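Note sheet for the following structure.
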Amino acid sequence: MIVAPASISRSAKQVTAIGWVFNIGYLMLSFAIPLYAASRHFPIFTIALLTALPGVFLVLQRVLSGPFTAVFGEVRILRVSLGLAVLAGLAPWVGYTSVVGLVAAQVFSGAMRGLFWTSAQSYITRLPGDIATRLGHFTGGANLGGLIGIVATGPLVGLVGYRAIFGLITGVQVTALLLTMGLVSLAADRHHEQVLPALRRLPSLFRYSTVWVAGGIALLAAVPQALVQSFYPLWVLHLTHSTTTASLVTALRNVGTILGSFMAGRLLRWTGQRTGVLLGVGGMAAGIFLTGATSTSWLVAAALIATGFLSAPVAVLYLTLVVGAVADVDRASAIAVVNVFWSAAMLLVPLVFGVVSQINGMGAAFQWLGVGLSCTLIPLASARVWSRISTERTTPATAPPA
Numbered sequence: 200m201i202v203a204p205a206s207i208s209r210s211a212k213q214v215t216a217i218g219w220v221f222n223i224g225y226l227m228l229s230f231a232i233p234l235y236a237a238s239r240h241f242p243i244f245t246i247a248l249l250t251a252l253p254g255v256f257l258v259l260q261r262v263l264s265g266p267f268t269a270v271f272g273e274v275r276i277l278r279v280s281l282g283l284a285v286l287a288g289l290a291p292w293v294g295y296t297s298v299v300g301l302v303a304a305q306v307f308s309g310a311m312r313g314l315f316w317t318s319a320q321s322y323i324t325r326l327p328g329d330i331a332t333r334l335g336h337f338t339g340g341a342n343l344g345g346l347i348g349i350v351a352t353g354p355l356v357g358l359v360g361y362r363a364i365f366g367l368i369t370g371v372q373v374t375a376l377l378l379t380m381g382l383v384s385l386a387a388d389r390h391h392e393q394v395l396p397a398l399r400r401l402p403s404l405f406r407y408s409t410v411w412v413a414g415g416i417a418l419l420a421a422v423p424q425a426l427v428q429s430f431y432p433l434w435v436l437h438l439t440h441s442t443t444t445a446s447l448v449t450a451l452r453n454v455g456t457i458l459g460s461f462m463a464g465r466l467l468r469w470t471g472q473r474t475g476v477l478l479g480v481g482g483m484a485a486g487i488f489l490t491g492a493t494s495t496s497w498l499v500a501a502a503l504i505a506t507g508f509l510s511a512p513v514a515v516l517y518l519t520l521v522v523g524a525v526a527d528v529d530r531a532s533a534i535a536v537v538n539v540f541w542s543a544a545m546l547l548v549p550l551v552f553g554v555v556s557q558i559n560g561m562g563a564a565f566q567w568l569g570v571g572l573s574c575t576l577i578p579l580a581s582a583r584v585w586s587r588i589s590t591e592r593t594t595p596a597t598a599p600p601a
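Just so you know, we're using our numbering here: the sequence shown kicks off at 200 and counts up by one.
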């Protein structure tokens, strides 16, 4: 199916709007659950388990989302994911007085995230134009939604309480689901695919060095996001003793991410891939270390903005790398595979961070994490790694220079 230029532009804007609305509800839920658990005086390790729970289901869902997207098309999978998002908001509203409601919300959250990002990112990369720029605009829109969700949650908790927040999240995700109506399907452009053959091809994707490198970069890019959804708000709450301030300061990371996402295509063309990754990961390491080394909320805010800005091009780059290395029929599956690494960070970072925090305190945990990230700069600087990626690239016109 050939899509007219006007339809291409409309489809890009529509998917970006869906990402914007979805991320409002998603970040509201991600921010509200640890705060609600803290208000009920759950132990810090219990909160860590609760915030890590979506990652358990997310990893499997990420793997399956690629073949499912290849078979059923991006639009159908988007609608399924947004249906799960509605259930994620509804579960804690229905089971408000029980921990079961929070657990159910996190299970649905893990399932919806795995499906949503693979299908939305696959859809965006199939539209004609510069992939890094289109991904950057989509990511920027999604992060703008996340900013609204985080900023709104703290004040709204004080005004209406947690149960009303969960009801509002449900309404937001219903809106995102309605926005998929009329979205042009791109599935007709592909061969008739079946689930089992698509699943059988998954192991072959790991023969690409690009998949491994992009996966590692995805894991690193996810670290700040994992902290935003777990311990960043709790750290700011510890420093300021205000849920409103905690939400506002934590949301500043999204300000940086929005700016970095919209500029990602231009930044990566200017720096090249290797330098862009080194600057991004190095900046994230420094920002996370500084977060734990200071007790001044405005310095934490500055570190969050910088971390968000520097992580955004890294998050765009890992998708651009893998899309350029695999056959078109495996695009959604390759995106899903590298997103598994992102999901692994969403699972492991809160758990490891929770353990270190329990032993040494949250401030020390931030500093150790910053040191650990800085150590990854050594393999990322290897010229041999980037040479292998360059030889595997199949669509050089759509990727920034190495």
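Just so you know, even glycine gets a beta-carbon here, dropped at the ideal spot from N, CA and C.
This structure is a prediction, so every number in the text was calculated from the model and none was measured.
- Closest in C-alpha terms to Ser-542, from the list Val-220, Leu-314, Arg-278, comes Leu-314.
- Contact annotation: the segment 419-433 does not touch the segment 465-475, with fewer than three C-beta pairs closer than 8 Å.
- The continuous alpha helix (DSSP H) containing Arg-530 extends over residues 530-559.
- The Cβ neighbour count for Gly-479, taken over all protein chains shown within 10 Å, is at least 16; the residue is labelled buried.
- Counting C-beta atoms within 10 angstroms of its own C-beta, Thr-590 has fewer than 16 neighbours from the protein chains shown and is therefore classed as exposed.
- With a contact defined as Cβ atoms closer than 8 Å, Ala-450 and Val-350 qualify at about 4 Å.
- Of the candidates Leu-436, Met-483, Gly-294, the residue whose Cα lies closest to the Cα of Gln-566 is Met-483.
- Cα atoms of Val-448 and Met-561: separation of roughly 17 Å, rounded to the nearest angstrom.
- The residues Thr-442, Thr-443, in chain order, have a CB closer than 8 Å to that of Gly-357 in the same chain once the five nearest residues on each side in sequence are set aside.
- In the same chain as Arg-530, and ignoring 5 residues on each side of it, the C-beta atoms closer than 7 Å to its own belong to Ser-321, Thr-324, Val-522, in chain order.
- By the criterion of a C-beta distance shorter than 7 Å, Trp-219 is surrounded in its chain by Gly-340, Ala-341, Leu-343, Gly-344, once the five residues flanking it on both sides are discounted.
- A straight line joining the alpha-carbon of Gly-348 with that of Ser-586 spans about 41 Å.
- In this structure Val-454 is not in contact with Leu-334, their Cβ atoms being roughly 19 Å apart against a cut-off of 8 Å.
- DSSP places Thr-495 outside both helix and strand once states are collapsed to three, so it counts as coil.
- Assignment of Tyr-295 by DSSP, reduced to helix, strand and coil, places it in the coil class.
- Around the beta carbon of Ser-280, 16 or more other beta carbons sit within 10 angstroms, so the residue counts as buried.
- One alpha carbon belongs to Ala-500, the other to Ala-397, and they sit about 44 Å apart.
- When C-alpha distances from Ser-264 are compared across Ser-532, Thr-575, Ser-556, the shortest belongs to Ser-532.
- Comparing C-alpha distances from Lys-212 to each of Thr-379, Leu-438, Val-551, Ala-485 shows the shortest one belongs to Thr-379.
- Contact between the segment 535-552 and the segment 282-290 is absent: fewer than 3 CB-CB pairs across the two stretches fall below 8 Å.
- Remark: C-beta atoms of Ala-502 and Gly-481 do not approach each other more closely than 7 Å.
- The alpha helix (DSSP H) runs of length 4 or more contained entirely in the segment 359-395 are, from start to end of the chain, 361-378.
- Comparing alpha carbon positions, the residue from Phe-267, Gly-224, Phe-221, Ala-563 closest to Leu-395 is Phe-267.
- With 16 or more other CB atoms across the displayed protein chains lying within 10 angstroms of its CB, Thr-506 is buried.
- Between the segment 226-233 and the segment 365-378 there are three or more C-beta pairs closer than 8 Å, enough to call the two in contact.
- When only Cα atoms are considered, Ile-223 and Gln-557 end up about 31 Å apart.
- Judged by beta-carbon spacing, Val-306 lies beyond the 7 Å limit of Val-539, meaning their Cβ atoms are not closer than that value.
- Taking the C-beta atoms as reference points, Thr-317 is found no nearer than 7 Å to Gly-464.
- For Pro-242, there is no enclosing alpha helix (DSSP H), as DSSP marks it with neither H nor E.
- Taking C-alpha positions only, Gly-491 is separated from Ala-563 by approximately 6 Å.
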